[in-house]
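Just below is one structure, and these are the notes that go with it.
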Amino acid sequence: MDVSGSDAVFRVFLRMQIHTGMEEEFERTWYEVGKAVTDHPANLGQWLARSQEEEGVYYIVSDWVDEPRFREFEHSEGHLAHRTKLHPFRSGGSMTTMRVVYAMSGAGAAG
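In UniProt numbering, the protein residues as written are 1 to 111.
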């Protein structure tokens with residue numbers, strides 16, 4: 001499916017380095033505060049993944065209907081509260097944004 005037009009998904013990709021020994025607590029806290037993101041009407045979903053290659057590294061992906069609505073959330077009080085709860089676990093990280101150009105479902109997703 002070509003989603004490069006007006007229906008393009010705006011994707012946020014975070015890489016987070018978590019302090020050694022705090023990984024399990026980080027995972028629980030991320031899950032507990034996740035509704036601050038997914039309850040926003042412009043959020044399409046989010047995922048937390050733990051690296052299999054780098055100790056203490058996590059990737060967070062969140063999809064949004066468009067960039068302006070994501071930026072609105074990013075500057076909101078709700079996002080500030082969400083970030084405040086996760087910040088103590090973080091020793092470093094980065095963020096990048098992108099637009100999904102094509103989306104293809106694999107055969108295993110069919111059922």
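Note that beta-carbon positions come from the ideal geometry of N, C-alpha and C, so glycine has one too.
All of these numbers come straight from a predicted model, not from anything done at the bench.
Identity of the residues DSSP links to residue i by a beta bridge
i, result
"A8", "Answer by DSSP bridge pairing: none, since A8 is not bridged."
"V57", "Q17"
"S62", "V12 and Q46"
Enclosing beta strand (DSSP E) for residue i [first to last residue]
i, result
"G93", "R90 to R99"
"G45", "N43 to R50"
Expected contact under 8 Å - CB spacing of residue i and residue j to nearest Å
i, j, result
"A42", "V100", "Actually they do not touch by this definition, with Cβ atoms about 15 Å apart."
"Y59", "F13", "7 Å"
"G78", "A107", "No, G78 and A107 are not in contact; Cβ-Cβ is about 38 Å, not under 8 Å."
"F10", "T97", "7 Å"
Selected residue, minimal CA-CA separation from residue i, among the options
i, options, result
"H19", "R90, F10, M98 and M104", "R90"
"R15", "W47, V37 and S76", "W47"
"V33", "T84, S51 and M98", "T84"
Residue i: first and last residue of the uninterrupted alpha helix (DSSP H) it sits in
i, result
"A110", "That residue, A110, is in no alpha helix (DSSP H); it is neither H nor E in DSSP."
"G78", "E77 to L86"
- Taking contact to mean at least 3 C-beta pairs separated by less than 8 Å, is the stretch 22–30 in contact with the stretch 68–81? Touching, no, given that fewer than three Cβ pairs across the two stretches are closer than 8 Å.
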